[in-house]
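Residue numbers (numbering that gives the first Met the number 0), protein chains in the order written: chain R, 0 to 134; chain B, 0 to 183. The beta carbon of each residue, even a glycine, is placed where N, CA and C say it ideally should be. Here's the structure, in structure tokens; my notes come after.
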Amino acid sequence: MKQEESEILKGLGKNPGFKVPDNYFEEFNKRMMDSLPEKKVEIIPYKPSLWLRVRPAVYAAATIAGIWCMISVFNHVNGSKTPKIGEIAEQLHQDDNADEVIMNGDMSEYDIITYQDSVMMEMEHQGDQLKKVTE
Amino acid sequence: MRSTYNEEQVIEQLRNANTQRDAFGKVIEHYSSTLYWHIRRMVFDHDDANDVLQNTFIKAWTSIDNFRGDAKLSTWLYKIAINESITFINKQKAANNISLDDDDSFLANTLESDEYFDGDEAQLKLQRAIATLPEKQRVVFNLRYYDEMKYEDMSEILGTSVGALKASYHHALKKIETFFQEND
Numbered sequence: 000m001k002q003e004e005s006e007i008l009k010g011l012g013k014n015p016g017f018k019v020p021d022n023y024f025e026e027f028n029k030r031m032m033d034s035l036p037e038k039k040v041e042i043i044p045y046k047p048s049l050w051l052r053v054r055p056a057v058y059a060a061a062t063i064a065g066i067w068c069m070i071s072v073f074n075h076v077n078g079s080k081t082p083k084i085g086e087i088a089e090q091l092h093q094d095d096n097a098d099e100v101i102m103n104g105d106m107s108e109y110d111i112i113t114y115q116d117s118v119m120m121e122m123e124h125q126g127d128q129l130k131k132v133t134e
Numbered sequence: 000m001r002s003t004y005n006e007e008q009v010i011e012q013l014r015n016a017n018t019q020r021d022a023f024g025k026v027i028e029h030y031s032s033t034l035y036w037h038i039r040r041m042v043f044d045h046d047d048a049n050d051v052l053q054n055t056f057i058k059a060w061t062s063i064d065n066f067r068g069d070a071k072l073s074t075w076l077y078k079i080a081i082n083e084s085i086t087f088i089n090k091q092k093a094a095n096n097i098s099l100d101d102d103d104s105f106l107a108n109t110l111e112s113d114e115y116f117d118g119d120e121a122q123l124k125l126q127r128a129i130a131t132l133p134e135k136q137r138v139v140f141n142l143r144y145y146d147e148m149k150y151e152d153m154s155e156i157l158g159t160s161v162g163a164l165k166a167s168y169h170h171a172l173k174k175i176e177t178f179f180q181e182n183d
């Protein structure tokens with residue numbers, strides 16, 4: 000530091016000649032604290048987005064559509080006609096009718112199992128939805 | 000009597016909404032004098048220094064949540080104080096139709112009649128010489144000469160290399176010497 004200083008500055012010292020009013024800093028500190036603005040804490044209410052609200056319904060619809068598409072593809076490959084899911088489900092719920100459909104040979108064993116699986120999945124899904132609603 | 004100041008503890012308290020305000024009070028108490036003298040040497044007038052100091056603390060308070068603690072609190076406060084001082088000087092220049100490229104000599108013109116200046120002829124001359132320096136050079140000179148700050152700390156505040164700061168201080172000294180020789 001000493002090496003950096005010039006001869007002129009050596010003779011002047013470090014006092015710039017400034018002064019402040021009496022008790023300036025004590026009063027400033029107090030005044031400053033009094034004038035500090037209050038900090039506002041903003042509470043933002045939770046609002047789920049539209050997507051979050053419709054998501055369960057979209058997932059349910061996509062699942063059903065997916066299952067139906069799979070069945071359609073299987074049937075197309077096997078060369079058989081794709082019945083409506085509702086029709087199959089109705090028939091499978093009536094034991095007698097189900098046997099009749101199978102006995103008539105309208106559907107292969109593979110088709111029946113596939114339909115049964117899809118109907119069971121649909122029923123489970125509907126059960127879950129119902130549970131959610133009742134909860 | 001001044002209470003003991005523990006910077007680490009204060010920084011912790013500043014992060015907590017319940018203790019933030021009291022902790023900031025400790026910051027004001029601890030740094031107001033240091034920052035005031037730095038600002039005063041930049042703007043010369045006491046009332047102006049008072050306003051700039053107030054703005055510095057208001058700005059620090061409103062942005063305290065952005066202080067991450069990876070730099071020293073003093074470094075952060077010095078940065079704000081320097082920016083506020085330069086902003087103030089530029090506004091003064093605009094108000095007095097002075098080009099931003101001109102030096103800040105106009106600030107030292109009222110020193111003689113200032114009731115809060117009691118320096119002698121030589122001290123007045125030194126302040127006039129300092130006022131002719133470009134603002135950044137003036138900041139470097141004041142931090143080094145009056146505050147005796149290390150170049151490494153200055154480098155953190157000003158974001159300039161130590162080498163460049165040493166060169167800047169050296170140039171400032173030469174200009175002050177030249178001013179004294181020309182105004183002998």
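Can you tell me whether residue i is helix, strand or coil according to DSSP?
i      : result
R/F73  : helix
B/F208 : Absent from the structure is residue 208 of chain B, since the part of chain B shown begins at 0 and ends at 183.
List the residues of chain R whose Cβ lies closer than 8 Å to the Cβ of residue i, in chain order.
i      : result
B/L197 : This structure does not reach residue 197 of chain B, given that chain B is present from 0 up to 183, and the question cannot be answered.
B/S31  : F24, F27, N28 and M31
B/F179 : I7
B/Q91  : None at all; the shortest Cβ gap to chain R is about 18 Å.
Which residues of chain R have a Cβ atom closer than 7 Å to the Cβ of residue i, listed in chain order?
i      : result
B/F56  : M31
B/Q12  : Under the 7 Å cutoff, chain R gives no residues; its nearest Cβ is about 14 Å from B/Q12.
B/G118 : P15 and G16
What residues of chain B sit near residue i, judged by a beta carbon separation below 7 Å?
i      : result
R/S135 : Given that chain R is displayed from residue 0 to residue 134, the structure contains no residue 135 of chain R and the question cannot be resolved.
R/V19  : H45 and Y115
Taking C-beta pairs closer than 9 Å, name the residues in chain B that residue i reaches, listed in chain order.
i     : result
R/K13 : Y144, Y145 and E147
Which value, in whole angstroms, describes the spacing of the CA atoms of residue i and residue j?
i      : j      : result
B/F23  : B/S154 : 25 Å
R/H75  : R/Q128 : 31 Å
R/I63  : R/E121 : 7 Å
B/G158 : B/D69  : 15 Å
R/K1   : B/L132 : Because R/K1 sits at a pLDDT of 48, beneath the cut-off of 50, its placement in the model cannot be relied upon, and the following sentence gives the value as read from the coordinates. Cα-Cα distance, rounded: 21 Å.
B/A93  : B/D103 : 12 Å
B/A166 : B/N17  : 46 Å
B/E176 : R/S5   : 8 Å
R/P55  : R/S48  : 13 Å
R/F73  : R/V57  : 24 Å
R/W67  : B/R14  : 57 Å
Name the two residues that bound the continuous alpha helix (DSSP H) containing residue i.
i      : result
B/R67  : From DSSP, B/R67 is part of no alpha helix (DSSP H); its letter is neither H nor E.
B/V138 : E134 to Y144
B/E147 : Element bounds for B/E147: n/a, residue is neither H nor E.
B/T74  : L72 to A94
Excluding the 5 residues flanking residue i on each side, which residues of the same chain have their C-beta closer than 8 Å to its C-beta?
i     : result
B/T33 : S73 and D146
R/A59 : H124 and Q128
Go through its chain and collect everything with a Cβ distance to residue i's Cβ below 7 Å, but skip five positions before and after it.
i      : result
B/D44  : T109 and D113
B/A130 : D102, D103, S104, L106 and A107
R/G126 : none
B/F87  : V42, D47 and V51
Using the beta-carbon of each residue, which ones in chain R are nearer than 9 Å to residue i?
i      : result
B/E176 : S5, E6, I7 and L8
B/G24  : N28, M31, M32 and L35
B/I38  : What B/I38 touches in chain R: nothing, since even the nearest Cβ is about 11 Å away.
Once you ignore the five residues that flank residue i on each side, which residues in its own chain have a CB closer than 6 Å to its CB?
i      : result
B/E134 : I85
R/W50  : none
R/Y109 : none
B/R39  : A48
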